[in-house]
Every structure is written in C-alpha cells, then in structure tokens.
Ligand code: MSK
C-alpha cells in the first residue's frame with residue numbers, strides 16, 4: 002500500500018469517496034450524500050424540538066401564534082419531553098446490547114461456542130457484587146453472574162450495583178439529587194410513562210429523568226455490556242492493526258462485519274480462520290478470507306483480534322461501493338437500510354442476523370447463542386461462495402490504509418502509563434503516574450472524544466481536526482465508537498506518525514510509554530470504560546471528577562444512544578461538548594437546564610456546551626481544561 006507510511010487527510014478520504022460514488026453511478030447506486038440533498042432543508046420544528054406527536058390530537062407545532070399545544074403544553078414541556086424520549090431510546094438500545102451479552106454469558110460452557118476468556122475478571126466482578134466464588138466451577142459462576150446481572154434490568158428494589166464503583170463524592174451527589182438509577186428497564190419505562198400524554202410537562206422533572214435514564218445505561222447496561230464482553234472475549238490489550246478503506250483486499254474474499262454485538266463478529270472471525278473455509282476460498286480462486294469491520298463492531302474485533310477497520314458510520318456504503326465486498330454481515334444498531342438496495346447493485350450479500358434489526362432486501366440468517374457456530378459457518382460459506390460473482394470491472398479499492406495501535410482498556414492504560422512519570426513500585430496499578438503527568442503540566446488534560454458521524458458536520462473532519470488541535474495543546478485523547486475509527490483512518494493511532502501532531506509534553510509521554518496520543522478505548526458501550534477511568538483518577542487524586550481537567554466531546558453525534566451517553570457523562574461530572582444540537586434550541590428553559598449554571602450543574606457539577614462551529618468548540622474545550630487547572634492551582 003503506497004499510503005501505508007503517512008497520515009491521511011480528510012480531503013484525501015473525500016477524494017476516495019468521490020471515486021467510489023463514481024463506481025456506484027455506473028450501476029445506479031443511491032448514496033447518503035444524495036439523500037442528504039433530497040432531505041434538506043430539514044423541518045425547522047423538528048430541528049428545534051418544537052413538534053409534538055405524542056397523541057393524535059396533533060401533531061402540534063409551536064409558533065408565536067400558537068404558543069401551546071392542544072392540551073395546553075408549552076414549548077418547554079414539549080422540547081423536554083422530546084429530549085427524554087430520545088434519551089430513553091438510547092438507554093434502551095445500549096442496555097439491551099448489554100442484556101444480550103448477559104444471555105451469551107449464560108450460554109458459556111467448556112468447549113462450547115462461547116467460553117470464559119477472562120476468568121480473573123469474572124471473579125473480580127463476582128467479589129465486587131458479593132457473589133461467592135470460593136470452590137465454584139468457573140462456568141457455574143458465569144451462569145450465576147449472568148442471572149444476577151440480568152436481574153439488574155428488572156429488580157423491583159435497589160439501585161444499580163456498579164454505582165459503587167464511582168467515587169464517594171459522586172455517589173453522594175446522585176443520592177442528594179435522587180438520580181441513582183434503579184432497575185434499567187424501570188428507568189426506560191418510567192421515561193416513556195412520564196412522556197405519555199397528560200403526564201410530565203415540567204422541564205426540570207423531565208431532564209432529571211433523562212439523566213437518571215442515561216445513568217442506568219452508562220453505569221448499568223453499557224457497563225455490563227463492556228465488562229462481560231471482556232469476560233467472554235478477553236480484556237483488550239494494546240495490539241496493532243490497520244484502518245481505512247484500503248484494508249479491503251483485491252484477491253481475497255472480503256467479509257465486512259458491522260453493528261455492535263461481539264457475540265456475532267467473534268464467531269465470524271473464528272470461522273474465517275477455519276482451515277475448511279480457507280480451503281474453500283482457495284478453491285473458488287481467492288487467496289484467502291479477509292474480515293474487516295465497520296462501526297462499533299470494527300472496534301470490538303480490532304481491539305481483541307487486530308482485525309482491520311474498514312470505516313465508520315458514514316463509510317458503511319463505501320465498503321459495498323468498492324465492488325469487492327462479498328458479504329456485509331450485520332447485527333444491531335447504526336445499520337443503514339440503504340445497504341439493502343445498494344448491495345443489489347453489486348454482487349454483495351447483505352446478511353442480517355438479529356430479529357431486532359430486520360431490514361428489507363437482506364438475507365436473514367438468524368443468529369443465536371445456542372446455534373452460533375453453525376450460523377457463523379453458514380455465513381462465512383455463503384460469502385466465500387459469492388466470490389465467483391464479483392464483477393472485476395466494478396472493483397475499485399482506494400489505496401488508503403494506515404497503521405493503528407488499539408485496545409486501551411482501563412487495565413491497559415494504567416499498565417502502560419505506570420512507567421512514564423513515576424516508576425515507584427507503590428504506584429503500580431494506579432492512575433497516579435498519569436495524574437503526575439497532568440499536575441506537572443507535561444499533559445494539560447484529557448478529552449474523551451466519542452460518537453458518530455453526521456452529515457450536518459463535515460464527516461470525520463470535526464473529529465480529526467479537533468483531535469489535532471487538542472494534541473498540539475498537550476491534551477491526550479481517549480476515544481471510542483466512530484470517533485475512534487476517524488482517528489485510526491487518519492493515522493492518529495499510529496504511534497510513530499501521530500506524534501508529529503503533539504506538543505512537546507505529550508510527545509514525550511507517548512515516546513516513553515510507546516503509545517499513540519489518541520487511545521482507542523473501544524466501541525460506544527465502552528464509554529463505560531471512560532467512566533471507570535475518570536472514577537479511578539478521582540479516587541487516586543482525591544479530587545471530585547468535576548475538578549479534573551478532563552471533558553467529554555461528541556462533535557459529530559447523531560443517534561439516540563449518543564444523547565443517553567451525553568446524559569450519563571454529564572451526570573458523572575464531566576462537562577460535555579457537542580457539535581450538533583440535540584433538538585432543544587426551541588426552548589430557552591431546556592437550554593438553560595442543560596447548559597446553564599443553575600440547571601443540571603446544580604445536581605452533578607457538570608453541564609453541556611453546544612457549539613456547532615468546530616473551531617470554537619475546540620477553543621472552548623481548551624479554555625475549560627485550563628480553567629479547571631487554574632482552579633486547582635496547577
Ligand atoms: S456505531 S452510535 S454511529 S459511534 Fe457505535 Fe458509531 Fe455512533 Fe453508531
């Protein structure tokens with residue numbers, strides 16, 4: 002690959018996309034770029050959150066002439082209700098992912114489709130939850146823990162078990178504000194009850210519930226998803242992989258895994274390495290089988306197996322447009338229905354696998370934990386047999402490929418940074434060395450950058466340009482989701498290349514620790530890892546989370562999950578900077594609740610900043626980090 006050894010700019014990626022769209026035009030393919038044109042300008046009522054459709058008397062749209070809906074609800078109630086509904090959708094989705102993982106854990110057995118890959122972590126969490134581990138078979142323990150974890154979704158009393166991981170100060174804030182999430186399903190259900198016609202119309206109550214439902218995701222469903230995925234598939238450790246569309250291979254069967262749940266992608270990866278399948282690939286004229294990922298599934302398999310990352314959310318059509326994709330295999334979330342008709346323009350098989358995500362024009366092979374092995378083998382076989390249907394005249398793989406070091410779980414970050422500022426034995430296993438880098442000023446602070454792509458923002462540009470700006474200012478980045486892939490595609494996870502963008506302090510830390518300045522923490526459920534890291538930094542420093550020079554940022558977010566994430570990150574004490582408005586600008590009261598000094602900040606010591614000018618968004622983050630440093634006298 003000629004681009005192997007350098008950073009790739011957004012302009013170059015856009016040029017590659019243009020050549021792929023050209024490919025698509027030969028076969029009449031539609032594209033998101035065209036659909037954005039068809040859909041703009043967007044509805045002003047929808048964009049400002051001032052349209053209400055929760056009963057059939059409307060829809061009601063708030064204007065100067067009509068300041069209240071038919072039921073009498075004002076604009077603030079309507080906007081706040083819409084915000085809570087959006088959050089509930091995200092919390093339900095993330096948490097259901099976590100629930101699926103718990104069911105997979107319940108299916109583990111020695112020699113089965115799924116086994117326990119990190120027994121130490123299972124035992125550690127069991128002890129944390131007060132489950133007896135002594136003398137217990139690891140699979141008996143796994144099944145017991147799966148049942149205990151599943152009870153977190155519906156238990157009638159009590160709050161989420163993982164809340165105890167937070168610093169005492171955070172727990173006290175939650176208790177004082179009545180924000181501790183109870184059963185996960187209860188928080189989602191109550192949110193939908195509150196937004197039903199004739200229930201809550203008071204912004205304070207609706208936003209309070211939005212934070213609580215978000216916390217049930219971050220400290221409940223998502224945290225279970227992350228922690229027990231580690232138990233099932235291994236806790237990520239740093240390893241090297243490749244990224245960008247050039248990871249597709251001309252001479253191999255290309256299978257793209259896309260979605261979120263590693264229960265599927267892990268099995269596809271396993272069977273793609275099966276000698277029988279490789280022999281089959283050779284028998285149809287391919288050199289072998291190449292698996293690559295898109296969206297959060299890419300993060301899951303990259304950080305555990307070094308599987309290449311083909312692209313993020315708005316690159317999903319690009320993999321098909323290469324004409325070299327034998328199958329795109331999906332599970333849940335962030336999958337464009339457009340993949341159905343698009344795959345029909347090429348030879349690509351679009352294979353859906355989950356009853357949760359049924360999509361027209363796809364081939365449905367239902368995947369379940371009980372039959373995972375045979376399902377995965379059937380999918381790999383179908384992809385391999387499809388190689389012969391490739392149309393060589395349509396193959397166009399842009400030669401863009403970068404190196405990326407991925408897999409920075411909390412455990413891995415603590416381990417690698419331990420040796421940088423302080424090599425004393427008593428600091429092993431803590432975040433103290435990282436804190437020393439921050440207090441000494443070698444690092445100014447950290448930004449947790451997360452979230453999707455959104456055509457409202459020039460795709461990937463906001464992620465990549467903000468990252469470069471922060472790196473120059475000695476601010477380290479921890480990233481997940483499609484933000485992580487944006488960084489990887491550009492080369493910002495290549496320790497050698499990316500250090501060019503760093504200020505002197507950050508460059509030194511990266512060289513000493515052998516890390517890239519942008520640390521890959523995983524998929525969107527793995528933002529729970531960031532909560533744990535922030536908690537450890539708080540405990541080790543004795544400072545509240547809100548006092549740390551650390552902020553969250555989602556410059557290109559688009560999904561309901563992202564709003565749920567924003568709510569739990571803010572509710573954990575981290576100021577969160579958004580590059581896209583969450584449909585609230587129609588209500589001054591809701592904006593004040595989310596961004597003002599007297600809103601959610603009173604409860605959790607943090608709030609939102611919304612700024613659609615990306616340059617300004619970066620400046621605001623740096624200012625906030627410096628203000629936090631000044632307040633600490635460092
Ligand atoms: S996949 S939610 S586009 S990060 Fe998790 Fe990417 Fe956003 Fe989906």
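In our numbering, the protein residues as written are 2 to 635.
For glycine and all other residues, C-beta sits at the position ideal for the given N, C-alpha and C.
If you draw a straight line from the C-alpha of residue i to the C-alpha of residue j, how long is it?
i: residue 312; j: residue 299; result: 8 Å
i: residue 358; j: residue 334; result: 7 Å
i: residue 269; j: residue 377; result: 5 Å
i: residue 548; j: residue 170; result: 12 Å
i: residue 323; j: residue 396; result: 6 Å
i: residue 62; j: residue 190; result: 26 Å
i: residue 626; j: residue 612; result: 16 Å
i: residue 452; j: residue 525; result: 7 Å
i: residue 163; j: residue 511; result: 32 Å
i: residue 181; j: residue 7; result: 47 Å
i: residue 66; j: residue 40; result: 27 Å
i: residue 16; j: residue 10; result: 10 Å
i: residue 267; j: residue 253; result: 20 Å
i: residue 228; j: residue 123; result: 9 Å
i: residue 58; j: residue 72; result: 8 Å
i: residue 624; j: residue 516; result: 26 Å
i: residue 77; j: residue 213; result: 19 Å
i: residue 35; j: residue 582; result: 23 Å
i: residue 573; j: residue 415; result: 20 Å
i: residue 426; j: residue 551; result: The predicted model places residue 426 with a pLDDT of 45, which falls under 50 and marks its position as unreliable, so this point remains unresolved.
i: residue 157; j: residue 141; result: 25 Å
i: residue 497; j: residue 247; result: 20 Å
Which residues mark the beginning and the end of the beta strand (DSSP E) in which residue i is found?
i: residue 609; result: 609 to 611
i: residue 449; result: 446 to 450
i: residue 257; result: 254 to 259
i: residue 457; result: Residue 457 -> no beta strand (DSSP E), and no H or E assigned at all.
i: residue 72; result: Taken as a continuous stretch (DSSP letters only), residue 72 belongs to no beta strand (DSSP E), as it is neither H nor E.
i: residue 552; result: 551 to 555
i: residue 406; result: 403 to 407
i: residue 328; result: 328 to 331
i: residue 241; result: 240 to 244
Just checking residue i against the ligand MSK - is the residue's beta carbon closer than 7 Å to any of the ligand's heavy atoms?
i: residue 313; result: yes
i: residue 553; result: no
i: residue 261; result: yes
i: residue 631; result: no
i: residue 89; result: no
i: residue 562; result: yes
i: residue 317; result: no
i: residue 524; result: yes
i: residue 172; result: no
i: residue 334; result: yes
i: residue 452; result: yes
i: residue 222; result: no
i: residue 482; result: yes
From what residue to what residue does the alpha helix (DSSP H) around residue i run?
i: residue 103; result: 76 to 107
i: residue 636; result: Past the boundaries of the shown model lies residue 636; the chain is included only from 2 to 635, so the question cannot be answered.
i: residue 296; result: 296 to 306
i: residue 596; result: 589 to 596
i: residue 351; result: No alpha helix (DSSP H) contains residue 351, which is instead part of the beta strand (DSSP E) from 350 to 353.
i: residue 521; result: From DSSP, residue 521 is part of no alpha helix (DSSP H) but of the beta strand (DSSP E) over 519 to 523.
For residue i, which residues in the same chain have their Cβ closer than 8 Å to its Cβ, ignoring the five residues on either side in sequence?
i: residue 38; result: none
i: residue 521; result: 300, 303, 304, 405, 406, 407, 408, 409, 480, 481, 485, 488, 489 and 494
i: residue 428; result: The predicted position of residue 428 is uncertain, since its pLDDT is 42 and thus under 50; a value taken from the coordinates is nonetheless stated next. If we look at residue 428 and ignore the five residues flanking it on each side, its Cβ neighbours are 419 and 434.
i: residue 286; result: 388 and 389
Check whether the Cβ of residue i sits closer than 7 Å to any heavy atom of the ligand GTP, and report yes or no.
i: residue 307; result: Among the ligands modelled here, namely the ligand MSK, the ligand GTP does not occur.
Once you ignore the five residues that flank residue i on each side, which residues in its own chain have a CB closer than 7 Å to its CB?
i: residue 371; result: 108
i: residue 348; result: 387, 390, 391 and 392
i: residue 160; result: 181, 182 and 183
i: residue 321; result: 329, 340, 343, 344, 347 and 349
i: residue 539; result: 168, 545, 546 and 549
i: residue 308; result: 242, 270, 292, 293, 294 and 302
Got a sec? Which residues, its chain only, sit under 6 Å from residue i by beta carbon, not counting five neighbours each side?
i: residue 534; result: 411
i: residue 178; result: 604
i: residue 110; result: 140
Sufficient close CB pairs (3 or more, under 8 Å) joining the segment 168 to 185 to the segment 528 to 548: yes
Three or more C-beta pairs below 8 Å linking the segment 142 to 152 and the segment 187 to 205: no
Inter-stretch contact at 8 Å, needing at least 3 Cβ pairs: the segment 81 to 91 / the segment 118 to 125: no
Touching by the beta-carbon criterion (3+ pairs, under 8 Å), the segment 278 to 290 and the segment 444 to 463: no
Any 3 or more C-beta pairs closer than 8 Å across the segment 460 to 476 and the segment 19 to 28: no
Contact the segment 282 to 294 vs the segment 361 to 371: 3+ CB pairs below 8 Å: no
The segment 88 to 98 in contact with the segment 39 to 56 per 3-pair CB rule at 8 Å: no
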